[in-house]
Amino acid sequence: MSTLRPIEYCFHFVRHYVSLNHKETLMIEYHEVVSIHEYLTKHYEFSEDPISPPGVKSVELLESAVARPFMTVNGKDAYPEVMDKAAALFHGIISNHTFHNGNKRVALLVTMCFMDKGGYWLDKCSDIDLYEFTRKTAAHEICKDRKDEFKTIKAFLKTNSRKRKYEEQQLSFHSLYQHLTNAGFSIEDDGDFYAIMKNGKRITKILKKGASGKEPYDPPYIRSLRRKLLLTPTNGWDSMRFYQVSTGLTENIGELVKLRGKVLDWLAKI
């Protein structure tokens, strides 16, 4: 009988989702918004429209804008859904004028990064429509009454975004280890197998793939393993949650800038 040995890796995980009544609440922090401002500052540094001077104009107003999506009223989330939070975030940053320059660009890109982290891409509207939406929001021209701005922003984001699709993926042993660790499992060496453990109990086992035991696992194998471990949508583990492990808010920022580069450039002119 083989002796189980823990598999040791030095992984650093930063959870961006916290459990709340079996739902997932997306989080964002002050320093992440500042980092996006710094990214745009470098991006436009040698352009005709640099963000100059750069930097935070009001720490208090930026903290307020970042905290707003996570406000509670009578113990309940004031902005319960991703689109609610995204709209509150966009409205807060663009209205508070939290940076010396580049507020419209920062507000849009922060919101797109936030939505991306929540599983949505703002790609169903034209560049000109997104530009006008951002410009009018900054000028308080998106609706007749300012008290309706939030719901108008939310409606636009909801109408013009799509949910990203996550399908089963081929995973290396390294990646599978990360995903299972994120889900609260541990992997221990067990001869020709790896034992999948949770709370000190053996749940199942997986084959060591290849001569080194580190060859990738194909999608059908991953699908079957997730069912055995109850990492399925009915148990609160849809594919988006399972496959996203410690990714930062700005993980896809380069792709998002490419997607809406024209809009950002146009906003730089006003």
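Counting from 1 along the sequence shown, just add 1026 to a position and that's the residue number in my numbering. In this text, a Cβ means the ideal position worked out from N, Cα and C, and glycines have one as well. These figures come from a predicted structure and were not determined experimentally.
Residue i in three-state terms, based on DSSP
i: L1255; result: coil
i: D1216; result: strand
i: Y996; result: This structure cannot settle anything about residue 996, because the visible part of the chain is limited to 1027 through 1296.
i: G1280; result: helix
i: T1185; result: helix
i: F1116; result: helix
i: H1048; result: Legend: pLDDT at H1048 = 34, less than 50; position of this residue unreliable, value from coordinates given subsequently. Three-state DSSP puts H1048 in coil, outside helix and strand.
i: F1211; result: coil
i: F1072; result: coil
i: T1124; result: coil
i: L1206; result: helix
i: D1299; result: The chain is shown from 1027 up to 1296; residue 1299 falls before or after that span and cannot be answered.
i: K1288; result: helix
i: K1240; result: coil
i: L1293; result: helix
i: L1197; result: strand
i: K1227; result: strand
i: R1190; result: coil
i: M1053; result: coil
i: K1170; result: coil
i: S1152; result: coil
i: I1077; result: coil
i: L1275; result: coil
i: M1266; result: helix
Sheet register partners of residue i (DSSP bridge)
i: I1232; result: Y1220
i: V1132; result: Bridge partners of V1132: none, in fact.
i: T1163; result: DSSP, once it has assigned bridges, lists no residue as partnering T1163.
i: V1082; result: F1125
i: T1178; result: BP columns for T1178 are empty, so no partner.
i: T1260; result: Answer is none; T1260 lacks a bridge partner.
i: T1098; result: D1103
Any C-beta of chain C under 8 Å from that of residue i
i: S1238; result: Reference to chain C is not applicable here, since this structure consists of a single protein chain.
Cβ-heavy atom distance, residue i to the ligand COA, below 7 Å
i: V1283; result: Although the ligand COA was asked about, the structure shown includes no ligands whatsoever.
Expected contact under 8 Å - CB spacing of residue i and residue j to nearest Å
i: Y1243; j: K1254; result: Y1243 to K1254, Cβ: 13 Å. No contact.
i: K1231; j: F1219; result: 4 Å
i: L1134; j: L1290; result: 7 Å
i: L1052; j: A1113; result: Incorrect: roughly 13 Å between the Cβ atoms, too far for contact.
i: T1124; j: A1091; result: 6 Å
i: I1168; j: K1177; result: Wrong, their Cβ atoms sit about 10 Å apart, outside the cutoff.
i: I1222; j: L1206; result: 7 Å
i: K1180; j: H1126; result: That belief does not hold up - the Cβ atoms of K1180 and H1126 are roughly 28 Å apart, past 8 Å.
i: A1209; j: L1257; result: 6 Å
Segment contact, 8 Å Cβ cut-off, at least three pairs: the region 1073-1084 with the region 1109-1120: no
The region 1139-1149 / the region 1068-1075 touching (three or more Cβ pairs under 8 Å): No, the region 1139-1149 is not in contact with the region 1068-1075.
The region 1167-1181 touching the region 1126-1136, judged by at least three CB pairs closer than 8 Å: no
Segment contact flag, the region 1151-1159 with the region 1189-1206, C-beta cutoff 8 Å, min 3 pairs: no
Stretch pair the region 1099-1109 + the region 1244-1252: three plus CB contacts closer than 8 Å: The region 1244-1252 and the region 1099-1109 do not touch, with fewer than three beta-carbon pairs separated by less than 8 Å.
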